[in-house]
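Visitor: Residues in the sequence shown are numbered consecutively from 212, following the working numbering.
C-beta: ideal position from N, C-alpha, C; glycine also.
Fair warning: this is a prediction, and the values are worked out from it, not measured in the lab.
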Amino acid sequence: MNFSAGDLLNEEPSRQFSNRGIDFDDPEEDVENVIHDCVNTPLEVRMYRTELYGHSVLGVTFTQADIDYCVLIRMTNIPKLIDMEREGSTCLVRARILQPTTLLLRNRCEKSRPVYIYLRAANLSEPWDNFYHSGAFFTFTTDIRSCRIWNYDRPEPSWQNFACMPEMNKSLHFGIHCRCNYISDFDADAMPIIAVPMNLKCNLERPILAHSYQTIIFFFSLSSFGIIYIFYSMQATFHWDKKLYTELYPIGGKCYRGDLILRCTFGGRYNAGSSANIIFSFKFSKQTRHIIVFQDPVFRTFNRNSTISIRLQQKPFSIPTAIAIRHDNSGIYPNFFCRNVLVCDLHTNEVQFVSIQQWVQGYKVHTVYKTGKTFSLTNTDEKKFQTGKLRFLNAMENYMGNWYLFQPIIGPWRFGTERMAFCRWERSCIFIGKLFVAITFVVIFFGRTEPMACDPNPKKYNDIDVVFRLCFLCYIANSCIQAFLETAFRVIGAYDFI
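Given below as structure tokens:
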């Protein structure tokens, strides 16, 4: 709105003004609130940003304009270029100004809000010969008018502006007119405020991203390769334990496949696996049976962080039993670390868990037998056969295994202890689900990709509190996803005792 013709807005005929200029008690601030700039082409847009306090009025006063300009002033939301094309959305500032032209914007909110000022030539077809070299200049100033009352509330009385609103008067020559609904001591203030130029490339010249077919093909190929690899590894689980050869020891009789499952879990340290052949001794009902498990010396099966499964005939064995483990002296590193041994009878659904938790070193003639608790396969509560300390160590080891980026996918086929020994494809499903959720959280938090200098909220990039909150949210979401998938895999139970 152009108020240069007179001061008629929000004025009543009965008011009387003294012929004096404004005289504020507060000292004037040394703020350079003058913008002197130019446009070099009719289509060029200039943008500026400032801050408007709550219950205040912003005054934008043009004192120079070489050509007619269209001015768009918006609060809170960043205007788009199409907003300047709409009829009636902009104010017109005439060329060769004789008296200042003032544009006003009032903030009725209690909190401060950002204000955006856009400026462009009004006549796009105007000849530009006179301004081809130097450009068409313009000059404007920005100031804030506010009204305040003294709040006597204890314990800290102070100046506040919640009950007063400045009126929309173009000139400050006769002071600031305030409309208040509160009886107290009053004060009015007018002060300059700085308007800073905005980066044109961050708003109007931001490129529109087209489809990147190379990126799409890359991620499609990577996902396809991952699915094929996981599927191939899942199929290989049926042949994993077939690489082992079992026979009675020392007589050398064959051990036929049956319904008694023997599982042995190796440790996670560097040399926790073994290149030797393992001898299992069973002592039950005053009888003793020995079996030896041979592995391929070239493609070894007894690796660290892995679990081997052997199916034996039920006839020469029975549960409960005492178990001892030793090895022969073949290979370059025969010693290994054994976590535990689990024996499961599929006919009676009985399970015996024996905790070893020690290094198996050397060829021992005098074997030490260990026993463990027996429980039903339908009730495999870890509290019944493991102490709280051991359960805590197993859980922390499992969580640490998930910290390694690609360990779930390229790690050993089985990783973990007891019923937490997930196979590779199960770990891969958990890893992909957690990674997808974490990426989704980060993308939603940071929004679209843009330079930090163009982001209206750059605080989220370098504020440590914000980063901690984001990490905490991702951690909680990933923990829920992992707990849900682990529970689902245990319910399925396809690979628990195979």
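For Pro377, is the classification buried or exposed, using 16 other Cβ atoms within 10 angstroms of its Cβ as the cut-off for buried?
Guide: Buried is the call here.
Visitor: Quick one: which unbroken beta strand (DSSP E) runs of 3-plus residues sit fully inside the stretch 271-303? Chain order, please.
Guide: You should have 280-286.
Visitor: Could you tell me whether the stretch 357-364 touches the stretch 274-285, where touching means 3 or more Cβ pairs closer than 8 Å?
Guide: Not touching, per the Cβ criterion.
Visitor: Going by C-alpha distance, which of Phe373, Ile643, Ser529, Leu681 is nearest Ile655?
Guide: If we check each option's Cα against that of Ile655, Leu681 comes out closest.
Visitor: Take Asn551 as the anchor and find which of Ser517, Phe683, Phe351 has the nearest alpha-carbon.
Guide: If we check each option's Cα against that of Asn551, Ser517 comes out closest.
Visitor: For Cys691, which of Phe679, Thr261, Lys291, Ala649 has the nearest alpha-carbon?
Guide: When only C-alpha atoms are compared, the closest one is Ala649.
Visitor: With a threshold of 6 Å on Cβ separation, who are the neighbours of Gln572 within its own chain once the five nearest residues in sequence on each side are excluded?
Guide: Taken in chain order, the residues that qualify are Asn546.
Visitor: Taking only runs of the beta strand (DSSP E) that begin and end inside the stretch 315-350, which ones reach a length of at least 3 residues, in chain order?
Guide: 324-332, all fully within the stretch 315-350.
Visitor: Excluding sequence positions up to five away, which residues of its chain have a Cβ less than 8 Å from the Cβ of Tyr264?
Guide: Cβ within range, chain order: Asn318, Ser323, Ile355, Ser357, Asn372.
Visitor: Please state if the CB of Cys555 and the CB of Ile472 are separated by a distance shorter than 8 Å.
Guide: Taking 8 Å as the Cβ cut-off, Ile472 and Cys555 qualify as a contacting pair.
Visitor: For a minimum of 3 consecutive residues, which ranges assigned as the beta strand (DSSP E) are wholly contained in the stretch 464-494?
Guide: Within the stretch 464-494, the complete beta strand (DSSP E) runs of at least 3 residues are 471-477.
Visitor: Are there three or more Cβ pairs, one per stretch, closer than 8 Å when the stretch 502-518 is compared with the stretch 473-483?
Guide: The stretch 502-518 is in contact with the stretch 473-483.
Visitor: Straight-line CA distance for Phe505 to Ser529?
Guide: Approximately 23 Å between the Cα atoms of the pair.
Visitor: Does the contact criterion of 3 or more C-beta pairs under 8 Å hold for the stretch 344-353 versus the stretch 269-276?
Guide: A contact exists between the stretch 344-353 and the stretch 269-276.
Visitor: How far does the beta strand (DSSP E) with Tyr686 in it extend, from its first residue to its last?
Guide: Element bounds for Tyr686: not the beta strand (DSSP E) but the alpha helix (DSSP H), 675-703.
Visitor: Using C-beta distances below 6 Å, list every residue in its chain close to Ile348, excluding the 5 sequence neighbours before and after it, in chain order.
Guide: Correcting the residue type first, residue 348 is Phe in the shown sequence and not Ile. Result list for Phe348: Cys249, Asp277, in chain order.
Visitor: Taking the alpha carbon of Ile703 as the reference point, which residue from Phe683, Leu646, Glu637, Ala688 has its own alpha carbon closest?
Guide: That would be Glu637, whose Cα lies nearest to the Cα of Ile703.
Visitor: Drop a sphere of 10 angstroms on the beta-carbon of Tyr327, count the other beta-carbons inside from all chains shown, and report buried for 16 or more, exposed for fewer.
Guide: It counts as buried.
Visitor: Use the C-beta contact count for Asn380: other C-beta atoms within 10 angstroms, 16 or more gives buried, fewer gives exposed.
Guide: By the 10 Å Cβ count, Asn380 comes out buried.
Visitor: How many Å lie between Leu696 and Ser639 at the Cα?
Guide: Going by the C-alpha atoms only, they are around 11 Å apart.
Visitor: Distance, Cα to Cα, Gly469 vs Ser520?
Guide: Approximately 12 Å, taken between the alpha carbons.
Visitor: Taking the beta strand (DSSP E) that Phe505 falls in, what are its first and last residues?
Guide: Taken as a continuous stretch (DSSP letters only), the beta strand (DSSP E) holding Phe505 covers 498-505.
Visitor: State buried or exposed for Ser336, treating a residue as buried only when at least 16 other CB atoms are found within 10 Å of its CB.
Guide: Looking at its Cβ environment, which holds fewer than 16 other Cβ atoms inside 10 Å, Ser336 is exposed.
Visitor: What does the Cβ neighbour count give for Lys497, buried or exposed, with the cut at 16 atoms within 10 Å?
Guide: That one is exposed.
Visitor: Would you kindly work out how many angstroms separate the C-alpha atoms of Ser325 and Val268, rounded to a whole number?
Guide: It is worth fixing the name first, because residue 325 is Pro in this sequence and not Ser. Those two C-alpha atoms are separated by around 13 Å.
Visitor: Is the Cβ-Cβ distance between Val565 and Lys581 less than 8 Å?
Guide: Result yes, Cβ atoms of Val565 and Lys581 sit closer than 8 Å.
Visitor: When DSSP labels each residue in this structure, what does Val579 get in the three-state scheme?
Guide: It is coil, neither helix nor strand.
Visitor: On the three-state DSSP scale, how would you describe Asp572?
Guide: At residue 572 the sequence reads Gln, which differs from the Asp that was named. In the structure shown, Gln572 sits in coil (DSSP, three-state: anything other than H, G, I, E or B).
Visitor: Closest to Leu316 by C-alpha separation, out of Arg297, Ser395, Met258, Met286, would be which residue?
Guide: Considering only alpha carbons, the answer is Met286.
Visitor: Less than 7 Å between C-beta atoms, sequence neighbours within five positions excluded: which residues of the same chain meet that for Ser229?
Guide: Because the pLDDT at Ser229 is just 37, under 50, the model does not fix this residue reliably, and the value given afterwards should be weighed accordingly. For Ser229, where only same-chain residues beyond five positions count, there are no Cβ hits under 7 Å.
Visitor: For Phe700, count neighbouring Cβ atoms within 10 angstroms of its own Cβ and tell me buried if that reaches 16, exposed if not.
Guide: Phe700 should be labelled buried.
Visitor: My understanding is that Asn251 touches Gly346, with C-beta atoms under 8 Å, so please give their C-beta distance in whole angstroms.
Guide: Asn251 to Gly346, Cβ: 4 Å. Contact.
Visitor: For the beta strand (DSSP E) containing Phe247, list its first residue and its last residue.
Guide: The question names Phe, but residue 247 in the sequence shown is His. 245-250 is the extent of the beta strand (DSSP E) around His247.
Visitor: Round the Cβ separation of Ile405 and Glu243 to the nearest angstrom and send it over; I've been treating them as touching at under 8 Å.
Guide: That pair is a contact at about 7 Å.
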